[in-house]
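In the numbering used here, the protein residues as written are 4 to 175.
Comments concern the structure below.
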Amino acid sequence: MSVRWHGPGGRRDALTAAVGLILLLALSAATIGCGSSGTAETVVSDPYATPALEGGTTAVYFTMTNGASARVTTVSTDAGGTAGFYRSEEEDGMGMSSMDPVEQLDLPKGVLSLEPGGTHVMAGPVTIELGAGDDIEVTLAFDDGREQSFTAMVRSFGDIAAMSSNDEGQPR
Ligand SMILES: [Cu+2]
Numbered sequence: 004m005s006v007r008w009h010g011p012g013g014r015r016d017a018l019t020a021a022v023g024l025i026l027l028l029a030l031s032a033a034t035i036g037c038g039s040s041g042t043a044e045t046v047v048s049d050p051y052a053t054p055a056l057e058g059g060t061t062a063v064y065f066t067m068t069n070g071a072s073a074r075v076t077t078v079s080t081d082a083g084g085t086a087g088f089y090r091s092e093e094e095d096g097m098g099m100s101s102m103d104p105v106e107q108l109d110l111p112k113g114v115l116s117l118e119p120g121g122t123h124v125m126a127g128p129v130t131i132e133l134g135a136g137d138d139i140e141v142t143l144a145f146d147d148g149r150e151q152s153f154t155a156m157v158r159s160f161g162d163i164a165a166m167s168s169n170d171e172g173q174p175r
């Protein structure tokens, strides 16, 4: 299960809230304390996912900007089933592509984009149909113990194709 900091609010009494606040302040202080040492930090941008029928699989794409090289050991989603990294490769001459699982994803310092035709996340079987505008939560776990969650909105295949053709400056 992914870690959720929002969503349907559970019952939190005043004591729990106070402890949470103190913990948050302590974490903030710790973060400030080791601020400028160029520690591992990954900023996720432009996340989106593909539509999927119930029981099908969704592909998730996003860009990661890394303050230092890092390794993602697992990826999970709240869409149901399991998730993993895969690398797409075009097979010679056939116009077909295949996907090979990537056990752990090594992130270089700098920018790494997961995009159609390259490395991406596959998740499923999804428990409910995913249509344009739906959200799924994605959690990355790093080998140093960090976890990072973000929300990816489902985009229609048409929108995704249009984005790809814009990126390459030509229709496809
Ligand atoms: Cu795939």
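C-beta atoms are modelled at their ideal positions from N, C-alpha and C, and glycine is treated no differently.
Any chance the CB of residue i is under 6 angstroms from a heavy atom of ligand 1?
| i | result |
| --- | --- |
| residue 1 | Residue 1 is absent from the model: the chain starts at 4 and stops at 175. |
| residue 89 | yes |
| residue 144 | no |
| residue 62 | yes |
| residue 125 | yes |
Just to check my reading of the structure: residue i and residue j have Cβ atoms closer than 8 angstroms, yes? What is that Cβ distance to the nearest angstrom?
| i | j | result |
| --- | --- | --- |
| residue 64 | residue 118 | 5 angstroms |
| residue 126 | residue 60 | 6 angstroms |
| residue 74 | residue 108 | 7 angstroms |
| residue 88 | residue 124 | 6 angstroms |
May I ask you to list the residues that DSSP assigns as paired with residue i?
| i | result |
| --- | --- |
| residue 54 | Answer by DSSP bridge pairing: none, since residue 54 is not bridged. |
| residue 102 | 91 |
| residue 67 | 47 and 115 |
For the stretch 155-171 against the stretch 96-116, do three or more pairs of beta-carbon atoms, one drawn from each stretch, fall closer than 8 angstroms, so that the two count as touching? no
Runs of 4 residues minimum, wholly inside the stretch 124-154: which ones carry the alpha helix (DSSP H) assignment? none
Using 8 angstroms as the Cβ pair cut-off and three pairs as the minimum, do the stretch 139-156 and the stretch 63-80 touch? yes
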